[in-house]
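A.B. asks: The structure follows.
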Amino acid sequence: MKNIFVISTFAVIFSLGFSSGSMAGCNYHGHGLGMSEMSDLDSNNDGAISFEEFEAPTVERLKSGFDMLDTDNDGEINQEEWDNYLRIHGHETTSEG
Ligand SMILES: [Ca+2]
Ligand SMILES: [Ca+2]
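Position 28 of the sequence shown, counting from 1, maps to 50 under this note's numbering, and the rest follow consecutively.
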């Protein structure tokens with residue numbers, strides 16, 4: 023069963039490279055990663071993509087989002103920065119008063 027998961031995972035990765043967006047699968051599988059070559063994800067070039075490598079682009083995007091929220095760059099998002107984020111995105115802050 024584990025092998026099936028691995029194979030299907032790689033099938034998704036390969037389909038990203040070979041289908042060029044023509045397959046419906048691209049609508050939900052990794053769409054937006056902007057990756058077309060396996061080597062794009064295989065950052066240590068050992069010929070395989072570890073989960074760490076697989077998630078790296080997502081983590082990077084999360085990190086840049088985090089950095090945008092962390093306006094004083096202290097490595098943490100405090101209440102003020104969070105409220106600011108909610109304001110920017112049109113949400114009412116719950117902490118009234
Ligand atoms: Ca690798
Ligand atoms: Ca901060």
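Even glycine gets a Cβ: it sits at the ideal position worked out from N, Cα and C.
No experiment lies behind these values; they were computed from the predicted model shown.
How many angstroms separate the CA atom of MET90 from the CA atom of ALA78?
C.D. replies: Straight-line Cα distance between these residues: approximately 18 Å.
A.B. asks: Output the residues surrounding ligand 1, defined as those with a CB atom closer than 6 Å to any ligand heavy atom, in chain order.
C.D. replies: Answer in sequence order: ASP64, ASN66, ASP68, ALA70, ILE71, SER72, GLU75.
A.B. asks: If we ignore side chains and look at the alpha-carbon of each, how far apart do ILE99 and PHE88 end up?
C.D. replies: In a straight line, the C-alpha of ILE99 is about 8 Å away from that of PHE88.
A.B. asks: Closer than 6 Å between the C-beta and any heavy atom of ligand 2: which residues qualify, listed along the chain?
C.D. replies: Selection output, chain order preserved: ASP92, ASP94, ASP96, GLU98, ILE99, ASN100, GLU103.
A.B. asks: I believe SER65 touches GLU75 by the beta-carbon criterion, under 8 Å. Please report the beta-carbon distance rounded to the nearest angstrom.
C.D. replies: That belief holds up - the Cβ atoms of SER65 and GLU75 are roughly 5 Å apart, short of 8 Å.
A.B. asks: Have a look at GLU59 and ASP68 and give me their C-alpha separation to the nearest angstrom.
C.D. replies: GLU59 and ASP68: Cα-Cα distance of roughly 14 Å.
A.B. asks: Taking only the alpha-carbon atoms, compute the straight-line gap between ASP96 and GLU103 and give it to the nearest angstrom.
C.D. replies: Rounded to the nearest angstrom, the two C-alpha atoms are 11 Å apart.
A.B. asks: Have a look at TYR107 and ILE71 and give me their C-alpha separation to the nearest angstrom.
C.D. replies: The alpha-carbon atoms of TYR107 and ILE71 are separated by roughly 34 Å.
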